[in-house]
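Written below as structure tokens is the structure these notes are about.
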Amino acid sequence: MTILDHIEFAVSDAETSRRFYEAALAPLSVFHVITIGPERTRTRGTRHGFGTDGYPCLWIHDRESPATGTHIAFAAKERTAVDAFHSAAVAAGGIDNGAPGVRMQYHPHY
Numbered sequence: 004m005t006i007l008d009h010i011e012f013a014v015s016d017a018e019t020s021r022r023f024y025e026a027a028l029a030p031l032s033v034f035h036v037i038t039i040g041p042e043r044t045r046t047r048g049t050r051h052g053f054g055t056d057g058y059p060c061l062w063i064h065d066r067e068s069p070a071t072g073t074h075i076a077f078a079a080k081e082r083t084a085v086d087a088f089h090s091a092a093v094a095a096g097g098i099d100n101g102a103p104g105v106r107m108q109y110h111p112h113y
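For the sequence shown, position 31 matches number 34 in the numbering used here, and the numbering has no gaps at all.
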């Protein structure tokens, strides 16, 4: 069992963010699972859920103020997936905080 069921955060544009995460997360085998239209949400914003095995555990949504300083670390089964994720994210318009590589200050597999 994991300690988190899901995480959700606001984005400035749900559709643009959906396209970005679809491209960036594919190398990690995380895919777009569901879209919930604005007519079904409390804030009247669109929500997109991403996950594995059909279960959305990462949600993005609009119509709320995006927070600054959000940090999400995705797990990968192998380093080649990390490199592919990084390449896909940058190609989709992402900006990194440094090239892929082990961050020993956190732990040997970070």
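Don't be surprised by glycine CBs; every beta carbon is placed ideally from N, CA and C.
From a predicted model like this one, the values you see are computed outputs, not experimental measurements.
- prompt: Starting from Ala13 and walking both ways along the beta strand (DSSP E), at which residues does that stretch end?
  reply: 10-13
- prompt: Using 8 Å as the Cβ pair cut-off and three pairs as the minimum, do the segment 103-111 and the segment 38-52 touch?
  reply: no
task: Please classify Arg43: is it buried, with 16 or more other beta-carbons within 10 angstroms of its beta-carbon, or exposed?
output: exposed
query: Shortest alpha-carbon distance to Ile75 belongs to which of Glu67, Ile63, Arg82?
result: Ile63
- request: Count the other CB atoms, across all protein chains shown, that sit within 10 Å of the CB of Tyr24; report buried if there are 16 or more and exposed otherwise.
  value: buried
- prompt: Straight-line CA distance for Ser90 to Ser20?
  reply: 17 Å
query: By how many angstroms is the C-alpha of Tyr58 removed from the C-alpha of His9?
result: 9 Å
Cutoff 8 Å; reference Val3; Cβ partners in own chain excluding five residues on either side: Any answer about residue 3 is impossible in this case: the structure gives the chain only from 4 up to 113.
message: What residue range does the beta strand (DSSP E) around Val36 cover?
response: 34-39
field: Rounded C-alpha distance that separates Phe34 from Leu28
entry: 7 Å
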